[in-house]
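The next block holds one structure in the form of structure tokens; read it before the comments.
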Amino acid sequence: EAYLAAIEAANPALNAYVTVTPDKARAMAKASDERLAGGEAGALEGIPLGIKDLFATEGVHMQACSHVLDGFEPRYESTVTANLWADGAVMLGKLNMDEFAMGSSNETSHYGPVINPWRRRDSNLDLVPGGSSGGSAAAVAAMLCAGATATDTGGSIRQPAAFTGTVGIKPTYGRCSRWGIAAFASSLDQAGPIARDVRDAAILLKSMASVDPKDTTSVEREVPDYEAAVGRSVKGLRIGIPREYRVEGMPAEIEAVWQRGIDWLKAAGAEIVDVSLPHTKYALPAYYIVAPAEASSNLARYDGVRYGLRVPGRDVIEMYENTRAAGFGREVKRRILIGTYVLSAGYYDAYYIRAQKVRTLIKRDFETVFHDGIDALLTPATPSAAFGIADEDLASDPVKMYLNDVFTVTVNMAGLPGIAVPAGLSETGTPLGLQLIGRPFDEETLFTAAAAIE
Ligand code: GLN
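So the number in full-length UniProt numbering is just where the residue sits in the sequence shown, counting from 1, plus 27.
Pasting the structure below:
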């Protein structure tokens, strides 16, 4: 009831929730009470969560914040949310996001932007919460849920977590099932939690992760007790500092927060090692080929026949065209055009195949440093603090918006786990985050090191 009241009070200003499900929340909470009374509490018994609108939850309107899914009500439940409910969690509603998870500011949503609950000390400007999981991050930061689900294809968990002073982890590719999550770029998409602190993130991920016969890329591997990793000593951990992440024009406050993180880990007994990931500078351009290519294929299913919106035409082809023209927003159309272009017969080798080769090189860079005994890498999570809504500079040039993902996309390209953890404030009093990148399936080391920073 407290969370529902908080949502009612704050959501009109923040726009974090696109659907609130009070009846469902109360029914689930009641069932939780009964289980608690019967002494059979699950790991998340009674914990109220918000769900990113990219996840299907049975009988609850789901739109991936796109006009093209108007009125769509899934008759199935995503595996990740099913796992959470099986552990006793309670659903509060669906959270705003960039349309089909394409964006870094939550401004591409059909439901309009989410407002970051944080403000700069020097201005009253509304700030973006980051994207694409902007609703998840803002809702957690504003205490409109105890934790939230999110997804990350190129940074969509970690960048919004960094912009809102919350913790977000993208686990290793394959750790969580993608079943029931609207696909953006299937070889990069992963689900993970956004939470108020590292311990909460560990508890949530433990519940979300599972192997799933409905997603053949999910991995059969025991899910460790992540919470036990929180509070372990970092003594003796070898933390790599990749020199290529010191990008040109990096603001002084980002350099400073990075140095602070290095100092803290060193003081706690970790060994700091300079390392090189030589192909880093190719990650962003390669990502913006691979991700749109997969998106253009995945989004072909929204044709006015099977889901949501249908705009009639004289024949079926015109119906497809009218539906897709009206249903998709500008950024999604841009991605579909880039994707079909790089996959077209004449350009496939020059762009898509090239990008896949670059992806392999990026993966090898990481394998080399981990092979050399590095346990985790420490980098900034984002190249800046949260920026203003409707920033003209960014709106006029999509590539500038893409540059926001410079520190996060490498992790998806290599399929590795990455966590964003708050590490202090910018000069104007807004949150800044650090990122830790780990070995495949070694989320535990990330929880340990992140807990030493937070
Ligand atoms: N900002 C990136 C993009 O727009 C990443 C999005 C994501 O991780 N879903 O593609």
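For every residue, glycine included, the Cβ atom is placed at its ideal position computed from N, Cα and C.
Continuous alpha helix (DSSP H) stretch holding residue i: start and end
i	result
Q186	R185 to T191
G354	V343 to G354
T437	V436 to A441
R386	R381 to H398
D114	Taken as a continuous stretch (DSSP letters only), D114 belongs to no alpha helix (DSSP H), as it is neither H nor E.
I480	E470 to I480
Q286	A279 to A294
P39	A29 to L41
T46	Run containing T46: none in the alpha helix (DSSP H); it sits in the beta strand (DSSP E), Y44 to V47.
V167	G161 to A168
residue 503	Look at the range of the chain in this structure, 28 to 481, and you will see that residue 503 is not part of it.
residue 9	Since the first residue shown for the chain is 28 and the last is 481, residue 9 is missing from the structure and cannot be characterised.
G219	Where G219 is concerned, there is no enclosing alpha helix (DSSP H), although the beta strand (DSSP E) it sits in stretches over Q217 to A222.
Expected contact under 8 Å - CB spacing of residue i and residue j to nearest Å
i	j	result
A177	K293	Contact doesn't hold; Cβ gap of about 31 Å is too wide.
V95	T46	Incorrect: roughly 17 Å between the Cβ atoms, too far for contact.
L81	A128	6 Å
C203	V107	6 Å
Q186	A408	7 Å
G263	L405	Contact doesn't hold; Cβ gap of about 16 Å is too wide.
D114	S234	5 Å
A477	V448	4 Å
V433	P410	6 Å
Selection from the options that minimises the alpha carbon distance to residue i
i	options	result
A83	L122, P75 and L63	L122
M428	F393, K51 and L311	L311
P251	A29, T472 and A479	T472
A412	G69, G157, S303 and G445	G157
S136	I142, P449, N143 and E126	E126
L461	V194, M440 and L71	V194
S303	I380, R270 and D330	R270
D216	A255, S183, D290 and A228	S183
D153	G162, S159, P140 and S163	P140
I208	L326, L443 and V369	L326
E282	R62, A450 and S93	A450
S93	D399, F211, K57 and A68	F211
Extent of the continuous beta strand (DSSP E) to which residue i belongs
i	result
E298	E298 to V302
P458	P458 to G465
K197	V194 to K197
T178	G174 to D179
V426	Note, V426: premise wrong, no beta strand (DSSP E); alpha helix (DSSP H) at P425 to Y429.
P269	R265 to P269
T406	A403 to P407
V452	Per the sequence shown, the amino acid found at residue 452 is Leu instead of Val. First-last of the beta strand (DSSP E) with L452: G445 to L452.
L76	P75 to K79
- request: Decide yes or no for the touch test of the segment 308-323 against the segment 411-419: beta carbon pairs closer than 8 Å, at least 3 of them.
  value: Short answer: they don't touch.
field: At least three beta-carbon pairs within less than 8 Å, the segment 208-223 to the segment 347-354
entry: Here the segment 208-223 makes no contact with the segment 347-354; the two share fewer than three CB pairs at distances below 8 Å.
- request: Could you say if the segment 192-211 and the segment 245-264 meet the contact criterion of at least three C-beta pairs nearer than 8 Å?
  value: By the Cβ test, the segment 192-211 is in contact with the segment 245-264, since at least three Cβ pairs between them sit closer than 8 Å.
field: the segment 130-148 touching the segment 443-456, judged by at least three CB pairs closer than 8 Å
entry: Flag = yes, the segment 130-148 and the segment 443-456 touch.
field: Sufficient close CB pairs (3 or more, under 8 Å) joining the segment 436-446 to the segment 387-397
entry: Short answer: they touch.
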